[in-house]
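In what follows, a single structure is set out as C-alpha cells and then discussed.
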C-alpha cells in the first residue's frame with residue numbers, strides 16, 4: 001500500500017515558515033525597543049551640540065584626594081548670601097517647568113530649594129539631566145546662595161535658595177522606590193482638607209523598608225529627642241561623680257541564673273548575651289549604658305550607688321517574623 005507523504009511535508013514546511021516569521025517579528029520588535037531605549041538615554045544624558053555646561057554635570061567618577069569643602073544645609077541662610085558653596089545631600093523632590101528645574105535637597109531634617117535655570121552657563125541638557133535624577137539619590141551641587149523675595153514654605157531654609165552651576169550624581173537610587181518619603185511623612189489621621197492627598201504608608205511597608213522610613217522628619221526628630229535625653233542623663237550623673245563603665249556583653253556559656261538568652265554566632269562559635277553585667281571594682285560610683293538587662297544583685301555588694309540605662313531584648317521571639 002502506497003502512502004503519499006507530500007501533504008505532510010508541505011504542512012511541516014508551512015509551520016516552520018510561520019515560526020520563522022514569528023521569531024523574526026519578535027527580534028525586530030526587540031531591536032526597535034532597544035534602539036528607542038538607547039535613543040532616550042542618549043537624549044537624556046548626552047550633551048547637545050555647543051553645550052556650555054560640558055564637564056559640569058553627570059555621574060561622579062571615583063576620585064582621590066579631592067579638596068572640597070561642603071556646607072551643611074542647616075547653615076544656609078542670609079549670612080552666606082552671595083557665596084558659592086558645595087552641598088552634598090539627598091534629592092528629596094524634583095520638578096521641571098519649561099527651562100527651569102526645581103530641586104529640594106534634604107540633609108537629615110533640613111531642606112533647601114535648588115534652582116537649575118537655563119542661562120549663559122547652564123544648558124538645556126543640564127536642566128534635562130537634573131530633572132531626570134531619581135529621588136533619594138545623593139548628589140553634589142555647586143551653587144550660589146541667593147535670597148528669595150518671599151519665603152519658601154516647603155523648605156526649612158525658607159529665606160534662601162541655591163542657584164546651581166554644577167550637579168553631580170554621587171550615588172543614584174532606584175527609580176522605583178517601595179515608598180515615598182513625602183507619603184511616609186504624612187500623619188496617620190487624614191486632615192479634613194478635601195484637596196489634600198490621602199496616601200498613607202502602612203506599618204508593614206514601613207517596617208519592611210525601615211531604611212527609608214527612618215529618613216522621615218518625624219523619625220529624625222524622635223532620634224534627636226532620644227539622644228538629647230541620654231546626653232542630659234549622662235551629664236547630670238557625671239557632674240555628681242558617676243563613672244560610665246562598659247562590661248562585656250557576650251559570654252561563652254549561659255549566665256549564672258541559667259535562663260534562656262540570645263545565642264549568636266561569633267567567630268564560628270556560639271556565644272550568649274550576658275545577663276549579669278556587674279564586675280568587682282574598687283570604685284564607689286558607676287553607671288553603665290548596657291545592651292541587655294542583667295542580674296545586678298552582686299553589684300550591690302561592691303558599689304554604694306549605681307544605675308543603668310538598659311536596652312531590653314526579648315528572650316523569645318514573638319508571634320510574628322520580626323523581633324520586638
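Residue numbers (the UniProt record's numbering): 1 to 324.
Note that CB positions come from ideal geometry on N, CA and C, so glycine has one too.
Here the structure is a predicted model, which means the values were calculated and not measured.
Start-to-end residues for the alpha helix (DSSP H) that takes in residue i
i: residue 238; result: 217 to 239
i: residue 130; result: 124 to 131
i: residue 181; result: 181 to 184
i: residue 208; result: 203 to 208
Cβ-Cβ distance between residue i and residue j below 9 Å
i: residue 145; j: residue 84; result: yes
i: residue 129; j: residue 55; result: no
i: residue 220; j: residue 212; result: no
i: residue 265; j: residue 218; result: no
i: residue 134; j: residue 175; result: yes
i: residue 167; j: residue 183; result: no
Exposure label - residue i; buried when at least 16 CB within 10 Å
i: residue 169; result: buried
i: residue 31; result: exposed
i: residue 164; result: buried
i: residue 177; result: exposed
i: residue 67; result: exposed
i: residue 229; result: exposed
i: residue 267; result: exposed
i: residue 225; result: exposed
i: residue 153; result: exposed
i: residue 61; result: exposed
i: residue 143; result: buried
i: residue 157; result: buried
N-terminal and C-terminal residue of the beta strand (DSSP E) that residue i is part of
i: residue 93; result: 84 to 97
i: residue 169; result: 160 to 171
i: residue 101; result: 100 to 107
i: residue 141; result: 138 to 147
i: residue 113; result: 110 to 117
i: residue 57; result: 57 to 59
8 Å Cβ shell around residue i - same chain, five flanking residues per side excluded
i: residue 120; result: 52
i: residue 328; result: Since the first residue of the chain shown is 1 and the last is 324, residue 328 is not available in this structure.
i: residue 94; result: 101, 102, 103, 104, 130, 131, 133, 135
Beta-carbon proximity list for residue i, same chain, < 7 Å, skipping 5 on both sides
i: residue 155; result: 104, 111, 112, 113
i: residue 147; result: 78, 81, 159, 160
i: residue 1; result: For residue 1, the pLDDT reaches just 49, beneath the cut-off of 50, and the residue's location in the model is therefore unreliable, leaving the point undetermined.
i: residue 301; result: Since pLDDT at residue 301 reaches only 43, below the 50 mark, its modelled position is unreliable, and the value read off the structure follows with that caveat. Here the set comprises nothing.
i: residue 18; result: none
i: residue 216; result: 181, 184, 185
i: residue 227; result: none
i: residue 71; result: 85, 86, 87
Beta-carbon proximity list for residue i, same chain, < 6 Å, skipping 5 on both sides
i: residue 126; result: 53, 57
i: residue 117; result: 100
i: residue 107; result: 73, 89
i: residue 96; result: 131
i: residue 335; result: Here the chain comprises residues numbered 1 to 324, so residue 335 is not present and cannot be evaluated.
i: residue 201; result: 179, 183, 184
9 Å Cβ cutoff, residue i in contact with chain D
i: residue 235; result: The chain inventory of the structure shown lacks chain D, comprising one protein chain alone.
At least three beta-carbon pairs within less than 8 Å, the segment 133 to 153 to the segment 90 to 101: yes
Meets three-Cβ-pair contact criterion under 8 Å: the segment 66 to 79 and the segment 104 to 112: yes
Validate contact between the segment 203 to 220 and the segment 233 to 246 using beta carbons, cut 8 Å, 3 pairs: no
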